[in-house]
DNA sequence: GAGCACTCCGTACGGCGTACGGTACACCGT
DNA sequence: ACGGTGTACCGTACGCCGTACGGAGTGCTC
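Residue numbers (our numbering), protein chains in the order written: chain Z, 12 to 258; chain A, 12 to 258.
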């Protein structure tokens, strides 16, 4: 099964599940909601790789196959997990201008990736069209509404910001997870990697890598991803500002 | 095993493999290079999910366990695949200014993701420090060298561009793959999804999503990711230009 | 010719998603 | 009270996965 991608099952059934048409409880207390919540817990703490039907069932005190009464398969379960956590995203009514709003959107999405890193591993093409996805889209469009931009420009600019957040968020989340996952701090990693690299790396051949790498390494270890996230975001917002100004 | 993340094995052994210290051929013609090349073929055509040791071995006409003579495990194999394809990236000496160069870097990385979509599924924290990774880093830094920026700024700006490319590339690649993966064109998908959505979606509650979604959908189906990629990239480069101008 | 190092791989273990078919419970009409 | 029926639950099994282990075959060195 390709957990990484979405939309494998019967679309009508998926839609009914996403919008929770008829989510009754079985006699052992099982329900779509409970299954989804448990699966999210597992993926949050141990990663998407550790998510298995047997593991979810075990945590619910139920046989693995019982889950299939509520959910067609693992792919659909992941779809449900996605829409569920999209509902958690912070959506306050903001007073400021488009820039402050867009900045909030970027940070809220980063926070979401931090809370649910497995989101970065699931495909976003043909997304599960659940209520929370739509609510999120509607809210985020609001950041650029009223700027005089065309609807298409609004959509494209939002897409650009979210693309940046996805890429930079991936780097930030992975960097944050690396020590726990490997049992090794960044410093420890460099202590091992550095000497090995010195034996094979020729600074003459890659002078820029040597010079800049050293400077960057000195400035912030392997790279402080939070500062990098903000810095890049500001550049992108500057560019968007220039674009809006030109209209 | 967590294929999605890297750096699990013995670092000394990994380094020796990456830099191909002593890549001899066995009596059945097996070698690290051949194993890596075969694994890349499989991942390119059928995705990382279809990559298995048995499958690689089968294609090489060899028992699965024979691979372990050359490669410590699947994790290390993926590391080798990464460094290998990073070597393919287009690295011409470019005449223009920093902007043209950075634009080339972005496009070359996008092309790389297109050719090897599985790259988007592997972690980038603690990357495999192979010769091609270093060459790529050195080359890409060259785009911003000579602009008068500090080394740290050069590194951070490059990181920002690459983050954008990763995020936008993910969207572009997934959008391109979706029809083949699902056997359904974007239009067909909407034909199924649209009516289902209409039954549950309330335009009153999400007026922006309704309005902009419709406009965006009309303008370019589910979204032309190539145009979106370029558009966002130009905004980011505009922002970087403003930053460089201020120095 | 003996010994040895190294390549190759058959088997097996514990995991996975899920198809299939059976069991047992809850509720219905009578 | 009772039989009938739908559905919740789940034991088992199949074909995958990564890889530990130990054995077999090959070719080189003395």
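Every residue, glycine too, gets a C-beta built ideally from N, C-alpha and C. Note that the structure is a prediction, hence the values are computed from the model and not measured.
Please report the distance separating the alpha-carbon of residue i from that of residue j.
i, j, result
"residue 133 of chain Z", "residue 17 of chain Z", "8 Å"
"residue 218 of chain Z", "residue 149 of chain A", "7 Å"
"residue 85 of chain Z", "residue 64 of chain Z", "7 Å"
"residue 94 of chain A", "residue 129 of chain A", "13 Å"
"residue 115 of chain A", "residue 43 of chain Z", "48 Å"
"residue 242 of chain Z", "residue 205 of chain Z", "27 Å"
"residue 31 of chain Z", "residue 25 of chain Z", "10 Å"
"residue 89 of chain A", "residue 179 of chain Z", "22 Å"
"residue 256 of chain A", "residue 230 of chain A", "35 Å"
"residue 135 of chain A", "residue 252 of chain A", "27 Å"
"residue 250 of chain Z", "residue 79 of chain A", "50 Å"
Would you say residue i faces chain Z, with C-beta separation under 7 Å as the test?
i, result
"residue 30 of chain A", "yes"
"residue 170 of chain A", "yes"
"residue 106 of chain A", "no"
"residue 261 of chain A", "With chain A covering only 12 through 258, there is no way to say anything about residue 261 of chain A."
"residue 258 of chain A", "no"
"residue 144 of chain A", "no"
"residue 130 of chain A", "no"
"residue 137 of chain A", "yes"
"residue 41 of chain A", "no"
"residue 92 of chain A", "no"
"residue 148 of chain A", "yes"
"residue 79 of chain A", "no"
"residue 140 of chain A", "yes"
"residue 124 of chain A", "no"
"residue 89 of chain A", "no"
"residue 100 of chain A", "no"
"residue 247 of chain A", "yes"
"residue 54 of chain A", "no"
DSSP three-state call for residue i: helix, strand or coil?
i, result
"residue 38 of chain A", "coil"
"residue 76 of chain A", "helix"
"residue 216 of chain A", "coil"
"residue 89 of chain A", "helix"
"residue 209 of chain Z", "helix"
"residue 11 of chain Z", "The structure shown does not extend to residue 11 of chain Z, since chain Z spans only 12 to 258, so no value can be given for it."
"residue 14 of chain A", "Residue placement at residue 14 of chain A cannot be trusted, given a pLDDT of 49 that sits under 50; the coordinates are not used to answer."
"residue 142 of chain A", "helix"
"residue 43 of chain A", "helix"
"residue 82 of chain A", "coil"
"residue 115 of chain A", "helix"
"residue 100 of chain A", "coil"
"residue 133 of chain Z", "coil"
"residue 21 of chain Z", "coil"
"residue 56 of chain Z", "helix"
"residue 160 of chain Z", "coil"
"residue 109 of chain Z", "helix"
"residue 194 of chain Z", "coil"
"residue 61 of chain Z", "helix"
"residue 201 of chain Z", "helix"
"residue 235 of chain A", "coil"
Closest Cβ-Cβ distance between residue i and chain A: below 7 Å?
i, result
"residue 209 of chain Z", "no"
"residue 152 of chain Z", "yes"
"residue 165 of chain Z", "yes"
"residue 13 of chain Z", "Confidence in residue 13 of chain Z is poor, its pLDDT being 44 and thus under 50, which makes the residue's placement unreliable; the coordinate value appears in the next sentence. Yes, its Cβ sits closer than 7 Å to a Cβ of chain A."
"residue 228 of chain Z", "no"
"residue 57 of chain Z", "no"
"residue 344 of chain Z", "Beyond the ends of chain Z as shown, which are 12 and 258, falls residue 344 of chain Z; an answer cannot be given."
"residue 70 of chain Z", "no"
"residue 220 of chain Z", "yes"
"residue 185 of chain Z", "yes"
Quick one: what's got a C-beta closer than 7 Å to residue i's C-beta in the same chain, skipping five residues either side?
i, result
"residue 20 of chain A", "83, 84, 86 and 87"
"residue 109 of chain A", "154, 155 and 158"
"residue 66 of chain A", "53"
"residue 41 of chain A", "71, 73, 77 and 81"
"residue 34 of chain A", "42, 43 and 44"
Please go through the same chain and pick out, in chain order, the residues whose beta-carbon is closer than 6 Å to the beta-carbon of residue i, but skip the five residues on each side of it.
i, result
"residue 236 of chain Z", "182, 183 and 186"
"residue 244 of chain Z", "117"
"residue 97 of chain Z", "143, 144 and 147"
"residue 209 of chain Z", "none"
"residue 119 of chain A", "100 and 101"
Can you list, in chain order, the residues of its chain with a C-beta nearer than 8 Å to that of residue i? Leave out the 5 residues immediately preceding and following it.
i, result
"residue 247 of chain Z", "171, 172 and 175"
"residue 58 of chain Z", "128 and 129"
"residue 190 of chain Z", "196 and 197"
"residue 139 of chain A", "17, 18, 25, 29, 90, 91, 93 and 94"
"residue 48 of chain Z", "95"
"residue 111 of chain Z", "105"
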